[in-house]
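Student:
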Amino acid sequence: MPQPTYARSPDRPEPVMTAVTTDSLVAADFRPRTSMHARPRTHPRDRPPGPYRRLLAVPGARAFTAGNLVARLPQGMFSVSAVVMIAETRDSYALAGAVVATGLAVSTVAAPLIARLVDRHGQARVALPATLVAVLGSLALVLCVRQGAPHWTLFAAEAATAATPNTGGMARARWNHLLRGDPAALHTANSFEQATDELCYLLGPVLAALVCTAFFPEAGTLVAAALLLGGMLLFTAQRATEPPVRPPASAGKAPLRAPGIPPLLAVCLATGAVFGSMEVVTIAFADAQGHRSAAGAVLACQAAGSGVAGLLFGTLRLSGPVTARLPWCVAAMTALMTLPLLAAAGTGSLPLLAGALLLAGMATAPTMVTTMTLVQQRTPEGRLNEGMTLAVTGLLGGIAGGSALGGWTVEHLSATAGYGIPVTAAAVALLLALAAAAGSRGPLEPRPAH
Numbered sequence: 003m004p005q006p007t008y009a010r011s012p013d014r015p016e017p018v019m020t021a022v023t024t025d026s027l028v029a030a031d032f033r034p035r036t037s038m039h040a041r042p043r044t045h046p047r048d049r050p051p052g053p054y055r056r057l058l059a060v061p062g063a064r065a066f067t068a069g070n071l072v073a074r075l076p077q078g079m080f081s082v083s084a085v086v087m088i089a090e091t092r093d094s095y096a097l098a099g100a101v102v103a104t105g106l107a108v109s110t111v112a113a114p115l116i117a118r119l120v121d122r123h124g125q126a127r128v129a130l131p132a133t134l135v136a137v138l139g140s141l142a143l144v145l146c147v148r149q150g151a152p153h154w155t156l157f158a159a160e161a162a163t164a165a166t167p168n169t170g171g172m173a174r175a176r177w178n179h180l181l182r183g184d185p186a187a188l189h190t191a192n193s194f195e196q197a198t199d200e201l202c203y204l205l206g207p208v209l210a211a212l213v214c215t216a217f218f219p220e221a222g223t224l225v226a227a228a229l230l231l232g233g234m235l236l237f238t239a240q241r242a243t244e245p246p247v248r249p250p251a252s253a254g255k256a257p258l259r260a261p262g263i264p265p266l267l268a269v270c271l272a273t274g275a276v277f278g279s280m281e282v283v284t285i286a287f288a289d290a291q292g293h294r295s296a297a298g299a300v301l302a303c304q305a306a307g308s309g310v311a312g313l314l315f316g317t318l319r320l321s322g323p324v325t326a327r328l329p330w331c332v333a334a335m336t337a338l339m340t341l342p343l344l345a346a347a348g349t350g351s352l353p354l355l356a357g358a359l360l361l362a363g364m365a366t367a368p369t370m371v372t373t374m375t376l377v378q379q380r381t382p383e384g385r386l387n388e389g390m391t392l393a394v395t396g397l398l399g400g401i402a403g404g405s406a407l408g409g410w411t412v413e414h415l416s417a418t419a420g421y422g423i424p425v426t427a428a429a430v431a432l433l434l435a436l437a438a439a440a441g442s443r444g445p446l447e448p449r450p451a452h
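With the sequence shown counted from 1, adding 2 to any position gets you this note's numbering.
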């Protein structure tokens, strides 16, 4: 019977057991196995936090981000809900489209004015009352539709919803206030906000269609109004992160007159035409293939690609002036926008088109992040909400124009030919971006920290 012996030495603090038999020597070493080339294991908690964890670790960031996300989700719900509600009850898509277009047209005028008031008087003092007006407009629209009121009442109620403040612009203004003097962190914040926009426009229409079909036609508008009001109450309650108000006398000139802003607004207009035409043409193409119900899923691929690209773009540490970066981003968008055209002209397969849109969407987020960064840098002090709202207004105007041009092309030519409109609009945006870069005297540095 072998007799075990134990040995312990200063070099071997762990026990080693040996056993001797008549024909063999057995040794068992209970020390932990290590290798001189092995890297020490680190607990996930010991790893340095990523850029988005550091971003959301800023005091108060999570609270206002949560409220802003809830308030921003209805942006992708209101239009779809209104179209479904009016078309279902009044049996007229033409009337539904005209009502929604009226609200969009009024917002191009009202949104910059509301943003100017936000800059002068503060987010909480202006945004919350404006939201109440917009919510009352939505409720009035539901009531007019439900009670069979004359058509003109629908237009009047929809016009009141244009009082909705630019929630995304207010969130970016807060990040700009909290992250002054840290361009890398501000780049991550802008990328995060762009990905949030894509998420809202990805989930909003799906949620609106689901609620309207599962309950009753007016349910989508009511849910969107409740989310808008609840999210804005939570967002405006976070006063610690709200940017300070600057007196009108100390604020800078109007953003429209600031150097470098008009060329950026022209780029936004052309970029919006890319988005608007792509949406209309894709719906028409899916309808021509006999799968109109799949159009939403196909378009969602573009938003998903843009959202993922936006998050990845925010992790990059980029060097060089932002002014020189914009033409490269728009050039990539122009090149990738040819993929849906090739997919539609080739096999005409919807799955292939969805993959092309997924890839094409990956260039839109970096373009928008870079554009918004330049808008923030070039907007005069005390006018940031107004400057960013003008950029959003330019996008909305481009979306409206692109939708109309894409619809005309589909009707008079073909859905496949319609995919040439996004490519053309992107090429125009590239020319405008090159002109803006050439006309700039030099890179504009971020404002110093106060």
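By construction, the Cβ of each residue, glycine as well, lies at the ideal position given by its N, Cα and C atoms. The structure displayed is predicted, hence computed values, not measured ones.
Under a three-way DSSP split, which group does Met79 fall into?
Tutor: coil
Student: Going by the CB atoms, is the gap between Met390 and Arg174 shorter than 8 Å?
Tutor: yes
Student: To the nearest angstrom, report how far apart Gly52 and Val247 are at their CA atoms.
Tutor: 32 Å
Student: Between the segment 338–345 and the segment 308–323, do at least 3 Cβ pairs fall closer than 8 Å?
Tutor: no
Student: Could you check if Pro257 belongs to the surroundings of the ligand MN, using beta carbon to heavy atom distance under 7 Å?
Tutor: The ligand content of the structure shown is nil, which means the ligand MN is not present either.
Student: Look at the alpha carbon of Arg148 and the alpha carbon of Pro131, and state the distance between them as a whole number of angstroms.
Tutor: 26 Å
Student: Between which two residues does the alpha helix (DSSP H) harbouring Gln291 extend?
Tutor: Here Gln291 belongs to no alpha helix (DSSP H), and DSSP marks it neither H nor E.
Student: Please check the pair Leu156 and Leu143, which I expect to be a contact at CB under 8 Å, by giving their CB distance rounded to whole angstroms.
Tutor: 6 Å
Student: On the criterion of 16 or more Cβ atoms from any shown chain inside 10 Å, does Trp154 qualify as buried, or is it exposed?
Tutor: exposed
Student: Under the rule that 16 or more other beta-carbon atoms within 10 Å means buried, what is Ala467, buried or exposed?
Tutor: Examination of residue 467 is not possible in this model, given that the chain is present from 3 through 452 alone.
Student: Does the Cβ-Cβ distance between Ser279 and Gly404 come in under 8 Å?
Tutor: yes
Student: Could you tell me which of Ala65, Ala333 and Pro76 sits nearest to Thr1, measuring between CA atoms?
Tutor: Absent from the model: residue 1. The displayed extent of the chain is 3 to 452, so no value can be given.
Student: From the DSSP output, in three-state form, read off Ala324 for me.
Tutor: It should be pointed out that residue 324 corresponds to Val in this sequence rather than to Ala. In the structure shown, Val324 sits in a helix (DSSP, three-state: H, G or I).
Student: Can the beta-carbon of Gly222 be found less than 8 Å from the beta-carbon of Val208?
Tutor: no
Student: Can you grab the Cα-Cα spacing for the pair Val283 / Gly409, in whole Å?
Tutor: 7 Å
Student: For Leu57, which residues of its own chain have a beta-carbon under 7 Å away from its beta-carbon, when the five flanking residues on both sides are left out?
Tutor: So the list reads Ala63, Ala187, Thr190, Ala191 and Phe194, once near-sequence residues are dropped.
Student: For Arg259, count the other beta carbons within 10 Å of its own beta carbon; 16 or more makes it buried, fewer makes it exposed. Which is it?
Tutor: exposed
Student: So does the segment 107–125 actually touch the segment 178–185, counting three or more Cβ pairs closer than 8 Å?
Tutor: No: the two stretches stay apart, fewer than three of their Cβ pairs being nearer than 8 Å.
Student: Is the distance from the Cβ of Ala290 to the Cβ of Ala402 below 8 Å?
Tutor: no
Student: Write down the C-beta distance between Gly396 and Cys303 rounded to the nearest angstrom, noting that I regard them as a contact closer than 8 Å.
Tutor: Wrong, their Cβ atoms sit about 25 Å apart, outside the cutoff.
Student: Could you give the uninterrupted runs of the alpha helix (DSSP H) lying entirely in the segment 123–206, keeping only those of 4 residues or more?
Tutor: Those alpha helix (DSSP H) runs which fall completely within the segment 123–206 and span 4+ residues are 125–149, 153–162 and 169–180.
Student: When the distance is taken between beta carbons, is Arg241 closer than 8 Å to Ala136?
Tutor: Contact flag unset, no.
Student: Within 10 angstroms of its Cβ, does Thr411 collect 16 or more other Cβ (buried), or is it exposed?
Tutor: buried
Student: How far does the alpha helix (DSSP H) with Thr373 in it reach, from first residue to last?
Tutor: Thr366 to Arg380
Student: Pick out whichever of Leu235, Pro257 and Leu106 has its Cα sitting closest to the Cα of Glu160.
Tutor: Leu106
Student: Leaving aside the five residues before and after Ala435 along the sequence, list all residues of the same chain whose C-beta is less than 6 Å from its C-beta, in chain order.
Tutor: Val269, Leu328, Pro329 and Val332
Student: Determine the direct distance from the alpha carbon of Ala306 to that of Arg41, and round the result to whole angstroms.
Tutor: With a pLDDT of 49 at Arg41, under the threshold of 50, the predicted position of this residue should be treated as unreliable, and no value is reported.
Student: Please state whether DSSP places Phe217 in a helix, a strand or coil.
Tutor: coil
Student: Assign Phe66 to one of two classes, buried (16 or more other C-beta atoms within 10 Å of its C-beta) or exposed (fewer than that).
Tutor: buried
Student: From what residue to what residue does the alpha helix (DSSP H) around Glu383 run?
Tutor: Note, Glu383: premise wrong, no alpha helix (DSSP H); not H, not E.
Student: Buried or exposed: Ala216, going by 16 or more other Cβ atoms within 10 Å of its Cβ?
Tutor: exposed
Student: Put Ser308 into one of helix, strand or coil per three-state DSSP.
Tutor: helix
Student: So, with DSSP's three-state summary, where would you put Ser416?
Tutor: coil
Student: Please report the Cβ distance between Gly206 and Met79, rounded to the nearest whole angstrom; I am assuming they are in contact, meaning their Cβ atoms lie under 8 Å.
Tutor: 4 Å
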